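**Q**
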Amino acid sequence: MLEVKGTGGQIQFDGEYVTILRKGFLARATVGKGEKRLHISQISAVQWKPAGPLVNGFIQFSVPGGNERRSAFGSQSKSAANDENSVVFTRQQQPPFEELRAALDKAIAQQHTAPAAVAAAAPASMADELTKLAGLRDAGVITPDDFEAGKRKLLGL
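Taking numbering that gives the first Met the number 0, I'd label the letters of the sequence shown as residues 0 to 156.
(1) Mind checking whether Gly5 and Val86 have CB atoms under 8 Å apart?
(2) To which residues of the same chain is Pro143 closer than 8 Å at the C-beta, ignoring the five residues directly before and after it?
(3) Around the C-beta of Ala50, are 16 or more other C-beta atoms found within 10 angstroms, so that it is buried, or is it exposed?
(4) With a threshold of 16 other CB atoms inside 10 Å of the CB of Val140, please say whether the residue is buried or exposed.
(5) Helix, strand or coil for Ile58? Go by DSSP, reduced to three states.
(6) Would you report the Cα separation of Phe88 and His111, rounded to the nearest angstrom?
(7) For a quick check, are the C-beta atoms of Gln59 and Gln46 less than 8 Å apart?
(8) To the nearest whole angstrom, what separates the beta carbons of Ala106 and Ile39, a pair I think is in contact under 8 Å?
(9) Kindly indicate which three-state DSSP category Leu129 falls into: helix, strand or coil?
(10) Restricting to Cα atoms, I'd like to know which of Gln91, Lys152 and Leu129 is closest to Leu53.
(11) Nearest-angstrom Cα distance between Arg36 and Pro94?
(12) Indicate whether Leu1 and Ala102 have their beta-carbon atoms separated by less than 8 Å.
(13) Under a three-way DSSP split, which group does Arg21 fall into?
(14) How close, in whole Å, do the beta carbons of Ser43 and Val62 come, if the pair is a contact with beta carbons under 8 Å?
(15) For Leu99, count the other beta carbons within 10 Å of its own beta carbon; 16 or more makes it buried, fewer makes it exposed. Which is it?
Listed below in structure tokens is the structure:
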């Protein structure tokens, strides 16, 4: 489990869920105390702003149906501090956040490739196979007799 602490919040990531925790006065004064859990499949994007010498950085999670606004120039970190899907961090706190970001990127990529791999490995239905055979017959690639033989084989006759 990865756990990183920022300014006004912390994030835990167990490989499946991202949990944003808020405790203390700063949390109460900005977003509010509490906990928010997001399954990795709910996260559509991760916005990242590295911390600089004079400004804090942040990590922000986008979710479908979320109410996102573009921050005014120079106030991104301030806007992120008031966003329930963001955690702000200082330059000293940034290295563990970079590790978290890499782990999240990897987990999100796996979420998007897993369904495609399962679909590719799934056997085609009988109707799909018959449609393919008919297409080959209609294109003149196989003869009508070959089509009938293939159909009988698929139907187990």
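Note that beta-carbon positions come from the ideal geometry of N, C-alpha and C, so glycine has one too. Keep in mind it's a predicted model, so treat the numbers as computed, not measured.
**A** Reading off the structure:
(1) On the sequence shown, position 6 is the one that residue 5 refers to. On the sequence shown, position 87 is the one that residue 86 refers to. Yes, Cβ-Cβ distance for Gly5 and Val86 is below 8 Å.
(2) Against the sequence shown, residue 143 aligns to sequence position 144. Excluding positions up to five away in sequence, the list reads Arg136.
(3) Sequence index remark: in the sequence shown, residue 50 carries index 51 (1-based). Per the 10 Å Cβ criterion, buried.
(4) Stepping through the sequence shown from its first residue, residue 140 is reached at position 141. Exposed.
(5) The sequence position of residue 58 within the sequence shown is 59, counting from 1. In the structure shown, Ile58 sits in a strand (DSSP, three-state: E or B).
(6) Translated into positions along the sequence shown, residue 88 becomes position 89. Translated into positions along the sequence shown, residue 111 becomes position 112. Going by the C-alpha atoms only, they are around 28 Å apart.
(7) Stepping through the sequence shown from its first residue, residue 59 is reached at position 60. Stepping through the sequence shown from its first residue, residue 46 is reached at position 47. Their beta carbons are under 8 Å apart, which means Gln59 touches Gln46 by this criterion.
(8) For the purposes of this step, residue 106 is identified with residue 107 of the sequence shown, where counting begins at 1. For the purposes of this step, residue 39 is identified with residue 40 of the sequence shown, where counting begins at 1. At roughly 5 Å, the Cβ-Cβ gap stays under 8 Å, so Ala106 and Ile39 are in contact.
(9) Locating residue 129 in the sequence shown gives position 130, counting from the first residue. Three-state result, Leu129: helix.
(10) On the sequence shown, position 54 is the one that residue 53 refers to. Of Gln91, Lys152 and Leu129, the residue nearest in Cα terms is Gln91.
(11) As a first step, residue 36 is located in the sequence shown; it is residue number 37 there, counting from the start. As a first step, residue 94 is located in the sequence shown; it is residue number 95 there, counting from the start. So the alpha carbons of these two residues sit roughly 23 Å apart.
(12) Residue mapping note: residue 1 aligns to position 2 of the sequence shown, counting from 1. Residue mapping note: residue 102 aligns to position 103 of the sequence shown, counting from 1. The answer is yes: Cβ separation under 8 Å.
(13) As a first step, residue 21 is located in the sequence shown; it is residue number 22 there, counting from the start. DSSP places Arg21 in strand when its eight states are reduced to three.
(14) Here the question's residue 43 lines up with position 44 in the sequence shown. Here the question's residue 62 lines up with position 63 in the sequence shown. Indeed they touch by this definition, with Cβ atoms about 6 Å apart.
(15) For the purposes of this step, residue 99 is taken as residue 100 along the sequence shown, with counting starting at 1. Leu99 is buried by the Cβ-count criterion.
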